[in-house]
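For what it's worth, the UniProt record's numbering labels the leading residue of the sequence shown as 1, then goes sequentially.
Backbone N, C-alpha and C fix where the C-beta goes; we use that ideal spot for every residue, glycine too.
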Amino acid sequence: MLQPSSNLLASPSWDSGIFGSGLTTMRMARLACTCLILVLAGAERLHAEPLYTVDDLGAALSRCWTPPAGFKDSFVTLRFGFRGDGTLMGPPRPTAIRVSGDEKQRQAFVAAATEALQNCVPLEFAKELSDEIAGNVFTLQFKSAP
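As structure tokens, this is what we get:
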């Protein structure tokens, strides 16, 4: 899931000069919850525009990947497929892994790539793209930062 930046979740400081002295704690809490819901709903709209081509799909998936810090010359290739509704056909499977470091670091890098892909879906496909890619197997390489 996309997470809003931590400063959006910080407790707001209320200025009675702006809201008036009659703003109760319950109303402030409702307002804070409403703001949080709007922020989270806005994050989900990143996938609102349908994808029309395989290039659009690649661009959408690449926006979901932020390489974890502390890794150099590392990559994992994941194998996965999509249903026509934009969800994954199952968990992504690593097919090639090269990670500098020990087994714990290797697992962390693979988990980061897997989570990035899983958190990126569901995607919205145009009918033509959905028909073209549904049920096919894809591979995508997730690389560390240069």
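Residues of its chain near residue i, where Cβ-Cβ distance is below 6 Å and the 5 sequence neighbours each way are ignored
| i | result |
| --- | --- |
| Leu88 | Phe80 and Val121 |
| Leu9 | Confidence in Leu9 is poor, its pLDDT being 29 and thus under 50, which makes the residue's placement unreliable; the coordinate value appears in the next sentence. None. |
| Thr114 | Pro92 |
| Ala96 | Thr77 |
| Leu57 | Leu51 |
| Pro133 | Per the sequence shown, the amino acid found at residue 133 is Ile instead of Pro. So the list reads Phe82, once near-sequence residues are dropped. |
For residue i: DSSP bridge partner residues
| i | result |
| --- | --- |
| Phe80 | Phe138 |
| Ala96 | Thr77 |
| Leu88 | Phe82 |
| Leu51 | Phe125 |
| Lys143 | Phe75 |
Other residues of its chain near residue i: CB distance less than 7 Å, five sequence neighbours each side excluded
| i | result |
| --- | --- |
| Ser130 | Gly84 |
| Arg98 | Ser74 and Phe75 |
Length of the line joining the Cα atoms of residue i and residue j
| i | j | result |
| --- | --- | --- |
| Gln107 | Leu140 | 17 Å |
| Gly135 | Val76 | 22 Å |
| Asp73 | Ser100 | 7 Å |
| Glu103 | Ala111 | 12 Å |
| Met26 | Phe109 | Unreliable placement is indicated for Met26, whose pLDDT of 41 sits below 50; the coordinate value is still reported in the next sentence. Distance between the alpha carbons of Met26 and Phe109: 43 Å. |
| Asn119 | Cys64 | 8 Å |
| Gln105 | Ala69 | 11 Å |
| Pro146 | Glu49 | 30 Å |
| Pro94 | Asp55 | 22 Å |
Beta-carbon gap between residue i and residue j smaller than 8 Å
| i | j | result |
| --- | --- | --- |
| Lys127 | Pro67 | no |
| Leu123 | Ala60 | yes |
| Gly90 | Phe125 | no |
Sequence-distant residues of the same chain with beta carbon closer than 8 Å to residue i, five excluded per side
| i | result |
| --- | --- |
| Phe138 | Arg79, Phe80, Gly81 and Phe82 |
| Phe71 | Val99, Ser100, Gly101, Gln105, Phe109, Ser144 and Ala145 |
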